[in-house]
Amino acid sequence: MEYQTISQPGTLGLEQNKVLRNTYMMLGLTMIPTVIGAFLGLSTNFSFMAQHPIMAPLLMFGVMMGMLFGVTMLRNSVWGIAMLLGFTFVAGWFLGPILQHALHLRNGAQLVGMAAGGTGLIFFSLATVATVTKKDFSFMGKFLFIGVILLLIASLANIFFEIPALSLTISAIAVLIFSAYILYDISQIIHGGETNYVMATMALYLDIYNIFVNLLSLLMAFAGEKD
Numbered sequence: 566m567e568y569q570t571i572s573q574p575g576t577l578g579l580e581q582n583k584v585l586r587n588t589y590m591m592l593g594l595t596m597i598p599t600v601i602g603a604f605l606g607l608s609t610n611f612s613f614m615a616q617h618p619i620m621a622p623l624l625m626f627g628v629m630m631g632m633l634f635g636v637t638m639l640r641n642s643v644w645g646i647a648m649l650l651g652f653t654f655v656a657g658w659f660l661g662p663i664l665q666h667a668l669h670l671r672n673g674a675q676l677v678g679m680a681a682g683g684t685g686l687i688f689f690s691l692a693t694v695a696t697v698t699k700k701d702f703s704f705m706g707k708f709l710f711i712g713v714i715l716l717l718i719a720s721l722a723n724i725f726f727e728i729p730a731l732s733l734t735i736s737a738i739a740v741l742i743f744s745a746y747i748l749y750d751i752s753q754i755i756h757g758g759e760t761n762y763v764m765a766t767m768a769l770y771l772d773i774y775n776i777f778v779n780l781l782s783l784l785m786a787f788a789g790e791k792d
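Residue numbering for the sequence shown follows this note's numbering, beginning at 566 and increasing consecutively.
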């Protein structure tokens, strides 16, 4: 069974509408395993991360990259959907440490809600802009890719240096980059650059996930109230 469609570039035709509709439906579905994983993460003991502050993040990153590779390899079959849902469950579980940290703050639940609401507002606003204007944002692809690489290098470096100001800078830039990626990824669907809704869903999910995590980090840093 194949989950790929053929589209005509530059037009918002029936095929692009179908891919976009299927992507939004699948994106909504991915939130279910994410929430389940997040609740499981809240009750998980992540003390190994404190014991191994360098290896633990690298291990988590390696697991997520491996699962993303699996989704890519299986994207044209029903197993790609299963792998995508499995990935979102693991991604939700990996939210455990930051959610535990947030909920230990006096206003932690409020901050989590604000981060979720802010992420939703950013997504729906930019998705509307990309869909209604039908502007081709593909020109941003190379700049955003370079930005992500630099962001990744800075994040890996900060695992060793642990500089608070750098962490905040990384989070702020990450919110901007992945917000721009929403415009880019939806534009790719609309203009036929992405015709596989499993891959399209994965791209948008990663945008939303990274915006939420980094927005929550910023809110905790600037508005967190300790007991």
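The C-beta atom is built at its ideal place from N, Cα and C for all residues, glycine as well. Because the structure is a prediction, the values reported are computed rather than measured.
Just verifying my parser: in three-state terms, what is the DSSP assignment at residue i?
i: Gly758; result: coil
i: Ile687; result: helix
i: Gln569; result: Its pLDDT being 45, under 50, Gln569 is placed unreliably by the model, and nothing is read from it.
i: Leu780; result: helix
i: His666; result: helix
i: Gly682; result: helix
i: Phe736; result: Residue 736 is actually Ser in this sequence, not Phe. Correct three-state label for Ser736: helix.
i: Lys699; result: coil
i: Leu639; result: coil
i: Phe659; result: coil
i: Thr599; result: helix
i: Leu789; result: Here residue 789 is Gly; the residue named in the question, Leu, does not match the sequence. Three-state DSSP puts Gly789 in coil, outside helix and strand.
i: Arg586; result: helix
i: Phe611; result: coil
i: Asn723; result: helix
i: Ile728; result: coil
i: Ile619; result: coil
Among the residues of its own chain, which have a CB less than 7 Å from the CB of residue i, if the five just before and after it don't count?
i: Asn779; result: Ser736, Ala739, Val740
i: Thr588; result: Ile754, Tyr762, Ala765, Thr766, Leu769
i: Gly712; result: Ile742
Apart from the five residues just before and just after residue i, which ones in its own chain have a Cβ nearer than 6 Å to its Cβ?
i: Ala692; result: Ile751
i: Gly606; result: Trp658, Leu660, Gly661
i: Glu759; result: Gln753, Ala765
i: Gly575; result: Note that Gly575 scores 48 on pLDDT, short of 50, meaning its location in the model is unreliable and no value can be drawn from it.
Given a cut-off of 8 Å on the beta-carbon distance, is the pair residue i and residue j in contact?
i: Leu670; j: Gly789; result: yes
i: Phe688; j: Ile773; result: yes
i: Val636; j: Leu649; result: yes
i: Gly682; j: Tyr749; result: no
i: Ala674; j: Leu784; result: no
i: Leu709; j: Ala745; result: yes
Here's the rule: buried if 16 or more other CB atoms are within 10 angstroms of the residue's CB, otherwise exposed. What is residue i?
i: Ile550; result: Any question about residue 550 goes unanswered here, given that the chain covers just 566 to 792.
i: Pro579; result: It should be noted that the sequence gives Leu, not Pro, for residue 579. Exposed is the call here.
i: Arg586; result: exposed
Whose C-beta lies closer than 8 Å to the C-beta of residue i among residues of the same chain, with five residues either side of it excluded?
i: Ser632; result: As written in the sequence, residue 632 is Met, which differs from the Ser given in the question. Closer than 8 Å at Cβ, skipping near neighbours: Met648, Gly651, Phe652, Val655.
i: Thr595; result: Leu649, Leu650, Thr653, Thr766, Tyr770
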